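The structure under discussion appears below in the form of C-alpha coordinates.
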Amino acid sequence: MHQEEILSRRTVLRGALAVGCSLLIPAALLGCDAKQGETPSTEPASPASSGSETATPGKVTQASVQYQSQPKGEQKCGVCMHFEAGSNSCKLVDGQISPDGWCSLWAKMV
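Counted the way the working numbering counts, the sequence shown spans residues 44 to 153.
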(Lines of atoms letter the chains of each structure in order from A; the text may use other names.)
(Lines give C-alpha, C1' and ligand atoms only; values in the text may rest on other atoms or scores of the structure.)
Protein backbone atom coordinates (compact mmCIF):
# COMPACT_ATOMS: atom_id res chain seq x y z
CA MET A 44 0.00 0.00 0.00
CA HIS A 45 2.86 2.38 0.80
CA GLN A 46 4.27 1.91 -2.71
CA GLU A 47 0.85 2.77 -4.21
CA GLU A 48 0.70 6.00 -2.17
CA ILE A 49 4.15 7.03 -3.38
CA LEU A 50 3.22 6.39 -7.01
CA SER A 51 0.01 8.33 -6.53
CA ARG A 52 1.86 11.33 -5.06
CA ARG A 53 4.41 11.20 -7.85
CA THR A 54 1.66 11.15 -10.44
CA VAL A 55 -0.06 14.14 -8.84
CA LEU A 56 3.18 16.11 -8.55
CA ARG A 57 4.15 15.35 -12.14
CA GLY A 58 0.73 16.51 -13.29
CA ALA A 59 1.03 19.72 -11.27
CA LEU A 60 4.48 20.36 -12.70
CA ALA A 61 3.20 19.83 -16.24
CA VAL A 62 0.31 22.25 -15.73
CA GLY A 63 2.57 24.85 -14.13
CA CYS A 64 5.08 24.64 -16.95
CA SER A 65 2.38 24.84 -19.59
CA LEU A 66 1.18 28.11 -18.04
CA LEU A 67 4.61 29.69 -17.51
CA ILE A 68 6.43 28.78 -20.71
CA PRO A 69 4.22 30.87 -23.07
CA ALA A 70 4.62 33.87 -20.75
CA ALA A 71 8.39 33.43 -20.65
CA LEU A 72 8.60 33.16 -24.43
CA LEU A 73 6.34 36.14 -25.12
CA GLY A 74 9.15 38.42 -26.26
CA CYS A 75 11.44 35.80 -27.74
CA ASP A 76 10.25 36.25 -31.32
CA ALA A 77 11.57 39.82 -31.57
CA LYS A 78 14.65 40.19 -33.72
CA GLN A 79 17.70 41.19 -31.72
CA GLY A 80 18.71 44.82 -32.23
CA GLU A 81 15.48 45.70 -34.02
CA THR A 82 13.46 48.53 -32.54
CA PRO A 83 9.78 47.88 -31.87
CA SER A 84 7.28 49.09 -34.43
CA THR A 85 5.66 52.45 -33.69
CA GLU A 86 2.70 51.87 -36.01
CA PRO A 87 -0.62 52.52 -34.31
CA ALA A 88 -2.71 49.44 -33.63
CA SER A 89 -5.84 49.12 -35.71
CA PRO A 90 -9.12 49.17 -33.77
CA ALA A 91 -10.22 45.69 -32.78
CA SER A 92 -13.65 44.30 -33.46
CA SER A 93 -15.54 42.06 -31.05
CA GLY A 94 -14.19 38.97 -32.83
CA SER A 95 -10.62 40.24 -32.90
CA GLU A 96 -7.92 37.58 -33.13
CA THR A 97 -5.08 39.87 -32.02
CA ALA A 98 -4.93 42.34 -29.15
CA THR A 99 -3.06 45.51 -28.36
CA PRO A 100 0.05 44.70 -26.31
CA GLY A 101 -0.89 44.44 -22.65
CA LYS A 102 -4.52 43.62 -23.41
CA VAL A 103 -6.39 40.41 -24.22
CA THR A 104 -8.80 39.80 -27.08
CA GLN A 105 -12.53 40.07 -26.49
CA ALA A 106 -13.01 36.51 -27.69
CA SER A 107 -10.52 35.14 -25.15
CA VAL A 108 -12.58 36.49 -22.23
CA GLN A 109 -16.02 35.64 -23.67
CA TYR A 110 -16.92 39.34 -24.09
CA GLN A 111 -20.57 39.93 -24.88
CA SER A 112 -22.46 43.19 -25.46
CA GLN A 113 -25.20 42.20 -22.98
CA PRO A 114 -24.85 42.21 -19.18
CA LYS A 115 -24.77 39.00 -17.15
CA GLY A 116 -27.39 39.67 -14.51
CA GLU A 117 -26.26 42.68 -12.47
CA GLN A 118 -22.71 42.36 -13.78
CA LYS A 119 -21.96 44.80 -16.59
CA CYS A 120 -18.91 46.69 -17.79
CA GLY A 121 -20.27 50.07 -16.67
CA VAL A 122 -19.86 49.02 -13.02
CA CYS A 123 -16.63 47.03 -13.46
CA MET A 124 -13.38 48.27 -11.93
CA HIS A 125 -11.56 47.82 -15.27
CA PHE A 126 -14.00 49.90 -17.39
CA GLU A 127 -12.91 53.34 -18.62
CA ALA A 128 -16.13 55.28 -19.23
CA GLY A 129 -14.57 58.28 -20.99
CA SER A 130 -13.37 56.15 -23.89
CA ASN A 131 -15.74 53.13 -23.64
CA SER A 132 -12.71 50.90 -23.25
CA CYS A 133 -11.28 48.47 -20.76
CA LYS A 134 -7.91 48.44 -19.00
CA LEU A 135 -7.56 44.71 -19.76
CA VAL A 136 -9.61 43.95 -22.91
CA ASP A 137 -8.87 45.27 -26.39
CA GLY A 138 -11.35 47.22 -28.53
CA GLN A 139 -14.49 49.22 -27.88
CA ILE A 140 -16.46 48.03 -24.85
CA SER A 141 -20.16 48.64 -24.24
CA PRO A 142 -21.08 49.87 -20.74
CA ASP A 143 -23.81 47.20 -20.85
CA GLY A 144 -21.36 44.45 -21.88
CA TRP A 145 -19.78 41.70 -19.78
CA CYS A 146 -16.69 39.45 -19.84
CA SER A 147 -15.10 36.82 -17.64
CA LEU A 148 -12.69 39.40 -16.14
CA TRP A 149 -15.57 41.38 -14.60
CA ALA A 150 -14.79 42.66 -11.11
CA LYS A 151 -17.05 44.78 -8.91
CA MET A 152 -15.92 48.38 -8.58
CA VAL A 153 -14.73 49.03 -5.04
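Backbone N, C-alpha and C fix where the C-beta goes; we use that ideal spot for every residue, glycine too.
Since this is a predicted model, take the numbers as computed values, not measurements.
- prompt: What's the call for VAL153, buried or exposed, on a 16-neighbour Cβ count within 10 Å?
  reply: The residue you call residue 153 lines up with position 110 of the sequence shown. So VAL153 ends up on the exposed side.
- request: Measure from the alpha carbon of SER130 to the alpha carbon of each residue in VAL136, CYS123, ILE140, MET124, then state which is nearest.
  value: Counting from 1 along the sequence shown, the entry for residue 130 is found at position 87. For the residues VAL136, CYS123, ILE140, MET124, the minimum Cα distance to SER130 belongs to ILE140.
task: Using the Cα positions of ALA128 and GLY121, report the straight-line distance between them to the nearest angstrom.
output: Start at 1 with the first residue of the sequence shown, and residue 128 comes out as number 85. Start at 1 with the first residue of the sequence shown, and residue 121 comes out as number 78. Using only the alpha carbons, I get a separation of about 7 Å.
query: Among the residues of its own chain, which have a CB less than 8 Å from the CB of SER147, if the five just before and after it don't count?
result: The sequence position of residue 147 within the sequence shown is 104, counting from 1. Cβ neighbours of SER147 beyond the five flanking positions: VAL108, GLN109.
query: In or out: GLY138 buried (at least 16 other Cβ within 10 Å) or exposed?
result: Position 95 of the sequence shown, counted from the start, is the residue given in the question as residue 138. Counting Cβ neighbours within 10 Å, GLY138 comes out buried, since at least 16 surround it.
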